[in-house]
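What follows is one structure encoded as structure tokens, with my remarks underneath.
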Amino acid sequence: MSVTSGAPLKVLVLVKHVPDAQFDRHLTGSDHVIDRSESILSELDEYAVEAALQLVEARGGAKAGHTVTALTMGPERASAAVKKSLQMGATDGVHINDPALAGSDAAATSLVLASAVNHLGGFDVIITGMASTDGETSLVPAQLAERLSLPQLTMVSSLELGEDGVLTARRDSDTTSKTLQAATPALVSVTDQGEEARYPNFKGIMGAKKKKTVALSLSDLGLEASQVGAAGSWTRIEDASPRPPREAGTVVTDSGNAGVELVDFLADKKLL
Amino acid sequence: MANILVFIDTPTAQPGKAQRELLTLGHRLGEPVVALGSPAADETVAAYANLGATALYAPAGALAGTLIAGEAAFVAEAARACSAGAVLLPNSADGKEIAARVGIKLSAGVITDAVDVTADLTVTKSVLAGGYTVNARAVQGTPVITVKPNSVEPTDAAATSPEVTTLEVADAGPAARVTETVEKAVSARPELQDARIVVSGGRGLDGDFTPVEQLADALGAAVGASRAATDAGWIEHSYQVGQTGKTISPQLYICAGISGAIQHKAGMQTSQVIVAINSDEDAPIFEIADFGIVGDARSVLPQAAAEIQRRKG
């Protein structure tokens with residue numbers, strides 16, 4: 003059933019709390035999991051929140067009964083990702099938090115997210131970012147589409163929902179630009195080439211305090227601890243070694259001949 | 360020897376380096392079986408037979424009319440049909456998404472961004488923007504692995520006369536339709552992702568990429584750019600090197616007028632040799648450059664290009 007212009011539109015946006023890429027990031031512990039102490043809402047997920055808000059605003063927004071639910075999965079402090087989404091304008095939040103979730107790979111993550119989508123029910127459009135800025139695999143959106151049997155409109159830089167409930171999107175690659183169409187319900191991932199994400203304003207920040215966030219545990223989703231986390235993952239990191247730091251080399255100041263010195267350097271390294 | 364299923368997204372009569380690398384890796388790990396991304400034609404069958412494919416699978420009809428779902432259903436079916444010991448795919452956006460869905464269909468672990476795969480199917484990749492090198496394994500099902508270009512030296516294999524099996528793809532499930540495909544103009548320069556040498560430009564070029572293109576052409580190099588340059592509209596987004604663009608590891612990376620913000624470093628810091636030209640002597644790019652020039656890229660690059668031409672005679 004696709005959502006046509008009269009019915010309330012229900013959008014779910016998936017957001018992730020990731021280590022800030024502006025700082026050095028580290029793997030820790032025997033499972034080589036990411037140290038999440040300096041974390042923020044993934045920059046790439048801000049585009050997803052923006053795309054979700056624009057979809058509902060184009061139909062009259064919250065006043066017309068349309069909703070954007072922001073969902074995250076992660077430890078206690080991951081709620082910051084939901085909070086930021088609520089401040090930007092999402093209607094309500096969902097936080098899946100269970101100690102067993104730590105170390106989940108894409109397959110385990112997509113299992114949890116798919117279970118949550120089914121548990122919550124009724125979403126017309128599910129929107130994610132193009133990748134997490136920590137795992138960087140871009141696997142979860144496609145795996146979620148597969149698990150939920152939804153058409154995927156992924157890695158898109160524009161998105162529109164027609165009155166007939168059909169989504170139209172543009173997916174660019176190096177060699178082609180494709181126009182995609184699918185009826186809702188559908189799964190969408192947006193790139194950083196879409197509309198710039200808005201900053202929360204004062205009203206948004208104050209309003210977010212009154213918005214509801216639902217907490218969900220594994221048992222709420224009907225999942226066992228053995229299906230998620232490192233135990234339920236289908237891949238494992240055996241060992242991890244930090245890249246040796248690069249040493250700074252020679253630095254010269256151009257006194258009118260640096261282009262020639264550059265070519266000398268390349269010749270010396272046999273790179274010409 | 361196990362069958363290693365190699366997915367060739369765009370079959371062609373003259374397979375490029377990236378496809379030959381996948382076949383070479385398939386040979387190293389077992390018997391390479393090719394899954395063609397479009398219906399079999401005599402010249403494509405011959406091309407992959409010449410690369411040593413021991414068997415070929417092809418879809419009965421075109422898969423390109425829907426996004427990802429059709430290709431994923433076909434690859435999963437081919438993997439089952441040949442009892443694959445591993446599935447190898449290109450590390451493109453499409454390749455990763457197809458791998459993602461194949462993994463769910465086969466209940467199998469998926470590993471992206473591989474730069475090496477050993478005989479026991481341990482995958483080497485770099486994570487956290489090149490900050491770590493990890494060895495990873497699929498611990499359930501047939502490993503599904505997407506392999507980065509330039510990871511393997513392609514080698515010749517004895518030609519084969521493989522059997523071609525046509526697979527009717529069962530219902531691929533709901534999928535988005537591709538209603539229009541516009542081909543972008545193809546550049547005569549090497550692909551950014553595959554190039555041995557890359558010359559990149561940033562904010563310091565002040566809107567004019569001509570000096571970068573001149574040096575790139577003198578070196579037979581690909582052109583890249585920082586996010587500042589693509590956001591400013593000086594060059595198309597597909598040229599962006601960095602966290603939200605391409606992650607590349609060429610033999611030589613020359614960056615001009617790029618300060619070296621961490622997002623940019625994420626895309627290039629595993630390059631073998633880095634050369635930086637920047638007018639700000641405190642630019643962080645100099646901390647990782649093997650050779651740095653404090654100066655104006657707009658004069659250094661043309662001078663270097665002219666010097667290379669002069670030495671070539």
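Residue numbers (our numbering), protein chains in the order written: chain G, 3 to 274; chain D, 360 to 672.
Ideal Cβ placement from N, Cα and C applies to all residues, glycine included.
Can you confirm whether residue i, when its beta carbon is compared against all beta carbons of chain G, has any partner nearer than 8 Å?
{"i": "R562(D)", "result": "no"}
{"i": "F433(D)", "result": "no"}
{"i": "S597(D)", "result": "yes"}
{"i": "V632(D)", "result": "yes"}
{"i": "R670(D)", "result": "yes"}
{"i": "G500(D)", "result": "yes"}
{"i": "Q628(D)", "result": "yes"}
{"i": "E512(D)", "result": "no"}
Pop quiz: residue i and residue j are said to be a contact at Cβ under 8 Å. What is the actual Cβ separation, rounded to whole angstroms?
{"i": "N637(D)", "j": "I644(D)", "result": "6 Å"}
{"i": "L388(D)", "j": "V511(D)", "result": "The pair is not a contact, with the Cβ atoms about 11 Å apart (cut-off 8 Å)."}
{"i": "E390(D)", "j": "N362(D)", "result": "5 Å"}
{"i": "I652(D)", "j": "P609(D)", "result": "Not quite, the Cβ-Cβ distance comes to about 19 Å (not below 8 Å), so this is no contact."}
{"i": "T156(G)", "j": "S191(G)", "result": "4 Å"}
{"i": "A584(D)", "j": "G411(D)", "result": "With a Cβ gap of about 38 Å, A584(D) and G411(D) do not count as contacting."}
{"i": "A104(G)", "j": "L220(G)", "result": "With a Cβ gap of about 12 Å, A104(G) and L220(G) do not count as contacting."}
{"i": "L422(D)", "j": "G396(D)", "result": "6 Å"}
{"i": "G626(D)", "j": "K605(D)", "result": "6 Å"}
{"i": "D649(D)", "j": "V634(D)", "result": "7 Å"}
{"i": "L415(D)", "j": "P513(D)", "result": "Not really, about 19 Å apart at Cβ, beyond 8 Å."}
{"i": "I470(D)", "j": "G561(D)", "result": "No, I470(D) and G561(D) are not in contact; Cβ-Cβ is about 32 Å, not under 8 Å."}
Would you say the beta carbon of residue i comes nearer than 7 Å to a heavy atom of the ligand FMN?
{"i": "W236(G)", "result": "Looking at this structure, you won't find the ligand FMN or any other ligand, since it has none at all."}
Measure from the C-beta of residue i to each C-beta in chain D and report whether the shortest distance is under 8 Å.
{"i": "M157(G)", "result": "yes"}
{"i": "V51(G)", "result": "no"}
{"i": "G301(G)", "result": "A question about residue 301(G) goes unanswered here, because the residues of chain G that appear run from 3 up to 274."}
{"i": "T61(G)", "result": "Reading off the sequence, residue 61(G) comes out as Arg, not Thr. By this cut-off, R61(G) is not an interface position."}
{"i": "R200(G)", "result": "no"}
{"i": "D194(G)", "result": "yes"}
{"i": "A9(G)", "result": "no"}
{"i": "R38(G)", "result": "no"}
{"i": "R79(G)", "result": "no"}
{"i": "A250(G)", "result": "yes"}
{"i": "A144(G)", "result": "yes"}
So which residues on chain D does residue i lean against when the C-beta distance must stay under 7 Å?
{"i": "R27(G)", "result": "L487, G490"}
{"i": "H34(G)", "result": "V493"}
{"i": "T280(G)", "result": "Absent from the structure is residue 280(G), since the part of chain G shown begins at 3 and ends at 274."}
Note down, in chain order, every chain D residue with its Cβ under 9 Å from the Cβ of residue i.
{"i": "V253(G)", "result": "A635, E640, F645, A648, F650, G651, I652, V653"}
{"i": "S140(G)", "result": "A452, K455, E456, A459, T471"}
{"i": "S309(G)", "result": "Residue numbering for chain G in the displayed model covers 3 to 274; residue 309(G) lies beyond these limits and cannot be assessed."}
Residues of chain G with CB closer than 8 Å to the CB of residue i, please, in chain order.
{"i": "V392(D)", "result": "Per Cβ cutoff of 8 Å: no residues; V392(D) is ~22 Å from chain G at best."}
{"i": "K464(D)", "result": "E148"}
{"i": "A467(D)", "result": "W236"}
{"i": "V659(D)", "result": "D256, A260, G261, L264"}
{"i": "Q610(D)", "result": "L273"}
{"i": "A426(D)", "result": "Per the sequence shown, the amino acid found at residue 426(D) is Leu instead of Ala. Here the neighbours are P153, Q154, L155, T156, R173, K180, L182."}
{"i": "G380(D)", "result": "The sequence given here places Glu at residue 380(D); Gly does not occur at that position. Here the premise fails: no neighbours, minimum Cβ distance about 18 Å."}
At 7 Å on the CB atoms, spell out the chain G contacts of residue i, in chain order.
{"i": "A663(D)", "result": "G261, L264, V265"}
{"i": "A344(D)", "result": "No answer is possible for residue 344(D): the residues shown for chain D start at 360 and end at 672."}
{"i": "E666(D)", "result": "G261, V262, V265"}
Determine the chain D residues that contact residue i at a beta-carbon separation under 8 Å, and present them in chain order.
{"i": "L46(G)", "result": "T603"}
Determine contact between the stretch 412-428 of chain D and the stretch 371-380 of chain D, defined as no fewer than three beta-carbon pairs at a distance below 8 Å.
-> Taking 8 Å as the limit for Cβ pairs, the verdict is that the stretch 371-380 of chain D does not touch the stretch 412-428 of chain D.
Mind checking the stretch 474-494 of chain D against chain G and listing, in chain order, the residues whose C-beta falls within less than 8 Å of any C-beta there?
-> Identification of residues in the stretch 474-494 of chain D having a C-beta nearer than 8 Å to some C-beta of chain G yields T481, S485, V486, L487, A488, G489, G490, Y491, T492, V493, N494, given in sequence order.
Report yes or no: do three or more beta-carbon pairs, one from the stretch 207-223 of chain G and one from the stretch 88-96 of chain G, lie closer than 8 Å?
-> Put simply, the stretch 207-223 of chain G touches the stretch 88-96 of chain G. At least three CB pairs are less than 8 Å apart.
Decide yes or no for the touch test of the stretch 114-122 of chain G against the stretch 27-42 of chain G: beta carbon pairs closer than 8 Å, at least 3 of them.
-> Short answer: they don't touch.
Taking one C-beta from the stretch 566-577 of chain D and one from the stretch 532-543 of chain D each time, how about it: are there three or more such pairs within less than 8 Å?
-> In this structure the stretch 566-577 of chain D does not lie against the stretch 532-543 of chain D, because fewer than three pairs of beta carbons, one per stretch, are closer than 8 Å.
Would you check if there are 3 or more beta carbon pairs closer than 8 Å linking the stretch 248-267 of chain G to the stretch 134-151 of chain G?
-> No: the two stretches stay apart, fewer than three of their Cβ pairs being nearer than 8 Å.
Selection of the stretch 172-183 of chain G by Cβ proximity to chain D, strictly under 8 Å | So the close ones are R173, D174, S175, D176, T177, T178, S179, K180, T181, L182, Q183.
Using a beta-carbon distance cut-off of less than 9 Å, what residues from the stretch 430-460 of chain D approach chain G?
-> When CB distances to chain G are screened at a threshold of 9 Å, the residues of the stretch 430-460 of chain D falling below it are A431, S451, A452, D453, K455, E456, I457, A458, A459, R460, in chain order.
Counting pairs of beta carbons, one from the stretch 501-508 of chain D and one from the stretch 435-449 of chain D, are three or more of them closer than 8 Å?
-> The stretch 501-508 of chain D, when compared against the stretch 435-449 of chain D, does touch it at the 8 Å Cβ threshold.
Residues within the stretch 523-546 of chain D neighbouring chain G, beta-carbon criterion of under 8 Å | Residues G532, P533, A534, A535, R536, V537, T538, E539, T540, V541, E542, K543, V545.
At a Cβ cut of 8 Å, what residues of the stretch 97-114 of chain G count as close to chain D, listed as they run along the chain?
-> Contacts with chain D (Cβ-Cβ distance below 8 Å) from the stretch 97-114 of chain G involve D107, A108, A109, S112, listed in chain order.
Along the stretch 227-243 of chain G, what residues have a CB closer than 9 Å to any CB found in chain D?
-> When C-beta distances to chain D are compared with 9 Å, the residues of the stretch 227-243 of chain G below that value are S235, W236, T237, R238, I239, E240, D241, A242, S243, in chain order.
Check whether the stretch 487-503 of chain D touches the stretch 228-237 of chain G, counting contact only when three or more Cβ pairs, one atom from each stretch, lie closer than 8 Å.
-> When Cβ pairs closer than 8 Å are counted between the two stretches, the stretch 487-503 of chain D is seen to touch the stretch 228-237 of chain G, the count reaching three or more.
Using Cβ-Cβ distances below 8 Å, what residues of the stretch 567-580 of chain D are close to chain G?
-> For chain G, the residues of the stretch 567-580 of chain D that bring a beta carbon within less than 8 Å of one of its beta carbons are L578, in chain order.
So, do the stretch 74-86 of chain G and the stretch 186-200 of chain G have three or more beta carbon pairs nearer to each other than 8 Å?
-> At 8 Å Cβ cutoff, the stretches do not touch.
Are the stretch 51-64 of chain G and the stretch 173-183 of chain G touching by the rule of at least three beta carbon pairs closer than 8 Å?
-> Too few Cβ pairs lie closer than 8 Å, so no.
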